[in-house]
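According to mature numbering (1 follows the signal peptide of the UniProt record, and there is no 0), the stretch in the sequence shown is residues -18 to -1, 1 to 458, in order. No residue lacks a Cβ here, since even glycine has one placed at the ideal position from N, Cα and C. Remember, it's a predicted structure, so these values are computed and weren't measured experimentally. Report on the following structure.
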Amino acid sequence: MWNYVVLLIFQGMYLAQTQLLTTELYQHLFMNTNYTIDLLPVCQNGGNVTVKLQTALRQVMDVNEREQIVTVNIWFRMKWNDCRFQWNASDFDGITSLNVPYASVWVPDITLYDSAADEVMMPGRENYRATINSDGSVSYNFPTVLKSVCRIDVTYFPFDTQVCRLTFGSWSHHGFEMDVVNSATEGDLATYIEHNEWDIAAFPVIRHVLHYNCCPEPYPDVTFYLTLKRKSQFYVLTVLFPCILTASVAALTFILPPESGEKVSLGVTVLLSLAVFLLMVSEQLPASSDTYPYIGMYFASSMTLVALSCFMTVMVLNLHYRGENGRKVPSWVRKLIINRLGVLVCSEKNTHRFYKSHRQSSNNSAQVSPENIKEERKTGNGHVPNGDNNEITFVSNRTNKDLLLHNRDPISGYLREQSTVLTKLEKNAEKDQDLRNNIDEWHEVAFIMDRFFLFFYIFTTVLTSIIFLAKMTEEA
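Below is the structure:
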């Protein structure tokens, strides 16, 4: 018990002695030397102050593509020498360092040149303490959140890589008064927290010495090149893949039969879907005329192909129903499309059977029925004598000479009239058959053109997708 009390007494005495020595050291540095924070810590004529800079990237908080601003959380580190802060550690019981408030020491006016925030002098820097060492070196480390202008190039979106420059330098002192150098060749990423959209590809540091039009003196700066690589999986699954799938659905317009009435409707629906995807992408990208993303070009190309497919579908429908008004297929169309293009697209003969509706066979259509006879023949009293159809057909095939031999027979007049009616029915049946054959031939032309447009659309869609995907992944 007494040992514990004695230990506490000695510890209190040591702390009191240390605090006394620290107070004496503070008075020695700031009171007895007339120290001022308003002047550069230069102890030699013609000399300058060298400030070493380093940053530790803590987190990439936001990358605003539309406003072209990057927001980062960093730990900023500065180190310089102040000859007024030198003492012999043995005179102060081995004290080699002293922590003092920001307002007590001279601190370089290091500024983020491309700041996009209202406060350009790095917010929060005055809330921390500087460390003074016995050899005169001073270090000042503090965390801060910076907003910097960052030129965004979305040409390869969503496989793009962005380089944002964080340029630091003195705002009021030129290089002859304050030299700014980097203490390392790369920024510190040891404490970096991963971002859900961006990966850090590199964080190099380069020192520049620039001359501005305003002043003849050089102005050194230290630039940290924050290289960000976008994680593309999200955009591939939510934007790119649905676009490719939607554009592929447009090929179904060439497979649907014209009788369905949905060929053009499907193409227009796909076109509207692609327009929605294009609007989704454009909302996330900056409105710039200098560069345009390949993915936007791909959407525009896909929309063009889908619009072209609608135009081709209308052509097919026009060909399909052209035979309804009795127009015959031109000979050059028959030779070029049916005989040559049909072979090229592997169209079998009579493939129009997939297009036309269910109809009766041509033989059944050409048969003559008593009802047709009644429609064509009008007797005086509107009465048609009963008789066997086979006998009528047999008599109708008799020669006119036989009919003339029996012209005085009462039946002969009736048979002559029946022969005339049957002849007209036969001609009408031939006309109907010719019309059906003509319609079927136009159906054949429409089917072949539909098949050709299908192959053309698939080829151009695949080729366009390969070209633009290869372009988009050049930086990947």
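Check	Outcome
Those residues which DSSP pairs with proline 202 across a bridge	Val191
Cβ neighbour criterion (16 or more within 10 Å) applied to tyrosine 201	buried
The stretch 186 to 201 / the stretch 221 to 231 touching (three or more Cβ pairs under 8 Å)	no
Simplified DSSP state of phenylalanine 158, which is helix, strand or coil	coil
Through-space distance from arginine 40 to glutamate 179, alpha-carbon basis	15 Å
Exposed unless 16 or more other CB atoms sit within 10 angstroms - verdict on alanine 183	exposed
As assigned by DSSP and simplified to three states, the class of histidine 340	Reliability fails at histidine 340, whose pLDDT of 38 lies under 50, so the model's placement of it is uncertain and the value that follows must be treated cautiously. Coil, per DSSP.
Pick from Glu108, Asn63, Asp142 and Met104 that is closest to alanine 452, judged by C-alpha positions	Asp142
Inter-residue spacing [alpha-carbon to alpha-carbon] between glutamine 36 and asparagine 16	31 Å
Bridge partner(s) assigned by DSSP for arginine 212	Trp180
Member of Asn307, Arg322 and Gly308 whose CA lies at the smallest distance from the CA of tryptophan 314	Arg322
Contact under 8 Å by Cβ, aspartate 117 with glutamine 50	no
Three-state class that DSSP yields for glutamate 168 in the structure shown	strand
Nearest-angstrom beta carbon gap, aspartate 203 and threonine 149 [assumed within contact, 8 Å]	5 Å
Inter-residue Cα distance where the pair is histidine 334 and glutamate 457	Bear in mind that the predicted position of histidine 334 carries a pLDDT of just 44, short of 50, making it unreliable; the figure below should be weighed with that in mind. C-alpha separation (whole angstroms): 50 Å.
Sub-8 Å separation of proline 105 and tryptophan 57 beta-carbons	no
8 Å Cβ cutoff met for threonine 295 and glycine 249	yes
Paired residues, beta bridge with glycine 305 - DSSP	Bridge partners of glycine 305: none, in fact.
Aspartate 75 versus asparagine 115: straight-line alpha-carbon distance, rounded	14 Å
Inter-residue Cα distance where the pair is valine 327 and phenylalanine 236	13 Å
Beta-carbon spacing of alanine 233, serine 284 below 8 Å	no
Endpoints, alpha helix (DSSP H) assigned at threonine 251	245 to 266
CA-to-CA distance, tryptophan 424 to lysine 245, given in whole angstroms	18 Å
Own chain residues within Cβ distance below 8 Å of aspartate 135, not counting five before or after	Asp142, Gln144 and Thr273
Rounded C-alpha distance that separates valine 42 from asparagine 123	19 Å
Cysteine 65 to phenylalanine 206 span [Cα, whole Å]	29 Å
Option nearest methionine 297 by Cα separation, candidates Cys25, Phe434, Ser72 and Val52	Phe434
Contact check, arginine 147 vs aspartate 96, beta carbons under 8 Å	yes
Buried versus exposed call for alanine 257 [16 or more other C-beta atoms within 10 Å across all chains shown]	exposed
Length of the line joining the Cα atoms of threonine 442 and asparagine 420	33 Å
Counted within 10 angstroms of its Cβ, other Cβ atoms place glycine 364 as buried (16 or more) or exposed	Confidence is the limiting factor: at glycine 364 the pLDDT is only 40, short of 50, which leaves the residue's position unreliable, though a coordinate-based value still follows. Glycine 364 is exposed by the Cβ-count criterion.
Residue from Lys310, Asn109, Ile226 and Val231 whose Cα sits closest to the Cα of glycine 278	Ile226
Reduced DSSP secondary structure (H/G/I, E/B, other) of alanine 428	helix
Selection from Ser242, Asn195, Pro186 and His177 that minimises the alpha carbon distance to serine 214	His177
Expected contact under 8 Å - CB spacing of lysine 61 and serine 121 to nearest Å	5 Å
Local Cβ density within 10 Å of serine 329, reported as buried at 16 or more and exposed below that	buried
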